[in-house]
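Visitor: Please read through the structure below; I'll follow up with questions.
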DNA sequence: CGGTCTCTTGAGTTAAATCAAAGGCGGTGG
DNA sequence: CCACCGCCTTTGATTTAACTCAAGAGACCG
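Chains as they are written, first to last, in this note's numbering: chain Y, 1 to 245; chain R, 246 to 490.
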């Protein structure tokens, strides 16, 4: 389980918060931040789940290796996200730094204690779990019924929304992960990912800015191509007979 | 969000539990059970999330209708499962009875109150959320990297495990859902689902028992065909270079 | 500046989707 | 009780989107 922070507003001086944490991040504030080089593992699937981590800088990929050796990335954790939350004794997935990354570590005991006693924190954990669940369902929709093009556009759009909130209206989007990461996340091969990126570039929707960044020229077209429709509420009640499985 | 019960042991007389619920089911015990005919909707995606439901009999499909009218089933809820748990004001999915089904309804206020004040219940909700999250990740693995055959076998196996626990060693497995339901859950068309079922029958792995039940002749072969390997721990640490996206 | 790794592009293959049609089961009414 | 109708399911033929295989291009590093 990894928990995505939607907003992290530090209203109050951190010093005050050490003893009465108001946000999940506050709980981690006392911990020293640890550095991970790109590609370095934080923990492996099956390891005893002794710690919970907050990402303070950089990004992690969260994945499983399946029977035949293939990798399935179930999500990415970015600044402010918490990874390793679970009730099981072992981590159900591995986590690895995509790029230079910093995390704060907290023992599960401490984390559990903090969230058990503090209703505010508890609700935040619950809220994040719910959001993560919703994200997982979105991903299921993507994997079970979107085309390669729609998957890529959805991915870019999601990362745009995440970055946009902090980087104002800057249209240059950092993509720290490799094509392989994207492929393993989107259920596609690197070749298909590459082809779809080329297609978007050819159509002028995006422009390449080195290998790990793009400029989004036409966000609304990108959104349209992501195939989420307008989430048109009315249509939901009709049991529309659209085909394609 | 819907929560799966792993075990529902009523150690104590229910009467005693009314005031001090020990399990999530106990919270629903006072509520009258409502009947749903097959195909009947419990709630729609986007509806205001006023209630939480416990399935006491039968099964529900939990799904979303996407932009082009297609349906994606994100899960099924069976006896003992709780559906509708979320923090959002609106349900993020629809829920519909697959067959004759009974549910107990609880207002979100009551449910939240009960779980806020009772640590035991709260932990159960948390545990179920974690399990559901793990199931969602399994489903992502299935959708992003399993073949049609593996998907079907995984599906049958999962339902076998669920049913087995209560119906002893009886190898006849009820499949209340239609081929369309299976397809929308597994990311396949009804034709492909049907073909894969025929293939399993031809190979003698299963035998048809009417339309909505099968006999599993060779559970271990079925497990092998599900493609989950032996979850061999050692292989996990090797960054094996298996192909297929 | 050579080596390695990542990415791109092209050509051919394939698993599953689509299109099409027939078969079986269940319900309804004569 | 049987005939008919509608729905779900099965099976077959064809198409297609994405995968696989292959080779070349660009980036990064010692």
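We put the CB at the ideal spot given by N, CA and C, even for glycine. These numbers were taken from a predicted model, which means no experiment stands behind them.
Report yes if the CB atom of residue 416 of chain R is closer than 9 Å to the CB atom of residue 462 of chain R, and no otherwise.
Guide: Taking 9 Å as the Cβ cut-off, residue 416 of chain R and residue 462 of chain R qualify as a contacting pair.
Visitor: Go ahead and label residue 266 of chain R buried or exposed: buried means 16 or more other beta carbons lie within 10 angstroms of its beta carbon, across all protein chains shown.
Guide: Classification for residue 266 of chain R: buried.
Visitor: Taking the alpha-carbon positions, what's the residue 228 of chain Y to residue 338 of chain R distance?
Guide: Rounded to the nearest angstrom, the two C-alpha atoms are 15 Å apart.
Visitor: Flag residue 344 of chain R as yes if its beta-carbon sits less than 9 Å from any beta-carbon of chain Y, otherwise no.
Guide: Chain Y contact via Cβ: absent.
Visitor: Anyone know if the C-beta pair for residue 305 of chain R and residue 362 of chain R falls short of 9 Å?
Guide: For residue 305 of chain R and residue 362 of chain R, no; Cβs fall outside 9 Å.
Visitor: Write down the C-beta distance between residue 326 of chain R and residue 247 of chain R rounded to the nearest angstrom, noting that I regard them as a contact closer than 8 Å.
Guide: Indeed, because the Cβ distance is near 6 Å, the residues count as touching under 8 Å.
Visitor: In the structure shown, what three-state DSSP assignment does residue 192 of chain Y receive?
Guide: Here residue 192 of chain Y sits in helix by DSSP.
Visitor: Answer with buried or exposed for residue 147 of chain Y, where buried requires no fewer than 16 other C-beta atoms within 10 angstroms of its C-beta.
Guide: Result: exposed.
Visitor: Going along the region 274 to 300 of chain R in order, which residues come within less than 8 Å of chain Y, judged by CB to CB distance?
Guide: Answer in chain order: 289, 290 and 291.
Visitor: Check whether chain Y comes within 9 Å of residue 473 of chain R, counting only Cβ atoms and requiring the distance to be less than that.
Guide: Yes, its Cβ sits closer than 9 Å to a Cβ of chain Y.
Visitor: Looking only at its own chain, which residues have a Cβ that is under 7 Å from the Cβ of residue 292 of chain R, when we skip the five neighbours before and after it?
Guide: Correct list, in chain order: 335 and 336.
Visitor: Mind checking whether residue 121 of chain Y and residue 222 of chain Y have CB atoms under 9 Å apart?
Guide: No, they are not a contact pair.
Visitor: Let me know the secondary structure DSSP gives residue 255 of chain R once reduced to three states.
Guide: Because the pLDDT of residue 255 of chain R is 49, which lies under 50, any placement of that residue in the model is unreliable, and the number read from its coordinates should be weighed accordingly. Here residue 255 of chain R sits in coil by DSSP.
Visitor: Can you list, in chain order, the residues of its chain whose CB lies under 8 Å from that of residue 71 of chain Y, leaving out five sequence neighbours each side?
Guide: Contacts found: 63, 64, 65 and 184.
Visitor: Go through the region 324 to 398 of chain R residue by residue and report every complete run of the alpha helix (DSSP H) that reaches 4 residues or more, in order.
Guide: Qualifying alpha helix (DSSP H) stretches, in chain order: 353 to 362 and 364 to 390.
Visitor: Do residue 286 of chain R and residue 347 of chain R have their C-beta atoms within less than 9 Å of each other?
Guide: No. Outside cutoff.
Visitor: Which chain Y residues sit within Cβ distance under 8 Å of residue 377 of chain R?
Guide: Within chain Y, the residues near residue 377 of chain R are 133.
Visitor: May I ask you to list, following chain order, the residues of the region 308 to 320 of chain R that have a beta carbon less than 7 Å from some beta carbon of chain Y?
Guide: Under the 7 Å Cβ criterion, the region 308 to 320 of chain R contributes 309, 310, 311, 312, 313, 314, 315, 317 and 319.
Visitor: Is any beta-carbon of chain R found at less than 9 Å from that of residue 143 of chain Y?
Guide: Chain R, which has a Cβ nearer than 9 Å to the Cβ of residue 143 of chain Y, makes this yes.
Visitor: Under the rule that 16 or more other beta-carbon atoms within 10 Å means buried, what is residue 104 of chain Y, buried or exposed?
Guide: So residue 104 of chain Y counts as buried.
Visitor: Let me make sure I understand the geometry here. Which of R:351, R:295, R:268 and R:383 has the alpha-carbon closest to that of residue 319 of chain R?
Guide: Closest by alpha carbon: R:383.
Visitor: Is residue 184 of chain Y close to chain R, meaning its C-beta is less than 9 Å from at least one C-beta of that chain?
Guide: Chain R contact via Cβ: present.
Visitor: Residue range of the beta strand (DSSP E) that residue 316 of chain R falls in?
Guide: Residues 316 to 322.
Visitor: So residue 337 of chain R contacts chain Y; which residues on that side make the cut at Cβ distance below 8 Å?
Guide: Those within 8 Å of residue 337 of chain R in chain Y are 134 and 137.
Visitor: To the nearest angstrom, report how far apart residue 79 of chain Y and residue 124 of chain Y are at their CA atoms.
Guide: Answer to the nearest angstrom: the Cα atoms are 16 Å apart.
Visitor: Within 10 Å of its beta-carbon, does residue 119 of chain Y have 16 or more other beta-carbons around it, so buried, or fewer, so exposed?
Guide: The residue is exposed, with fewer than 16 neighbouring Cβ atoms inside 10 Å.
Visitor: Can you tell me which residues form a DSSP beta bridge with residue 208 of chain Y?
Guide: Its beta-bridge partners are Y:214.
Visitor: Spatial neighbours of residue 213 of chain Y within its chain, please: CB distance less than 8 Å, with the 5 preceding and 5 following residues excluded, ordered by chain position.
Guide: Cβ within range, chain order: 172, 173, 174 and 175.
Visitor: Excluding the 5 residues flanking residue 36 of chain Y on each side, which residues of the same chain have their C-beta closer than 6 Å to its C-beta?
Guide: Around residue 36 of chain Y: 97 and 101.
Visitor: How about residue 332 of chain R and residue 126 of chain Y: are their beta carbons less than 9 Å apart?
Guide: In contact: residue 332 of chain R and residue 126 of chain Y (Cβ atoms closer than 9 Å).
Visitor: List the residues that DSSP assigns as beta-bridge partners of residue 279 of chain R.
Guide: For residue 279 of chain R, which the question treats as bridged, DSSP gives the partners R:348.
Visitor: Leaving aside the five residues before and after residue 288 of chain R along the sequence, list all residues of the same chain whose C-beta is less than 6 Å from its C-beta, in chain order.
Guide: Excluding sequence neighbours, residue 288 of chain R sits near 336 and 340.
Visitor: Considering Cα atoms alone, identify which of R:283, R:328, R:451 and R:312 is closest to residue 273 of chain R.
Guide: It is R:328.
Visitor: So for residue 220 of chain Y, helix, strand or coil by DSSP?
Guide: The answer is helix: DSSP assigns residue 220 of chain Y an H, G or I state.
Visitor: Could you list which residues in chain R have their beta carbon closer than 9 Å to that of residue 127 of chain Y, in chain order?
Guide: Residues of chain R passing the Cβ test: 332.
Visitor: By how many angstroms is the C-alpha of residue 465 of chain R removed from the C-alpha of residue 471 of chain R?
Guide: Near 10 Å, if we compare the C-alpha coordinates of residue 465 of chain R and residue 471 of chain R.
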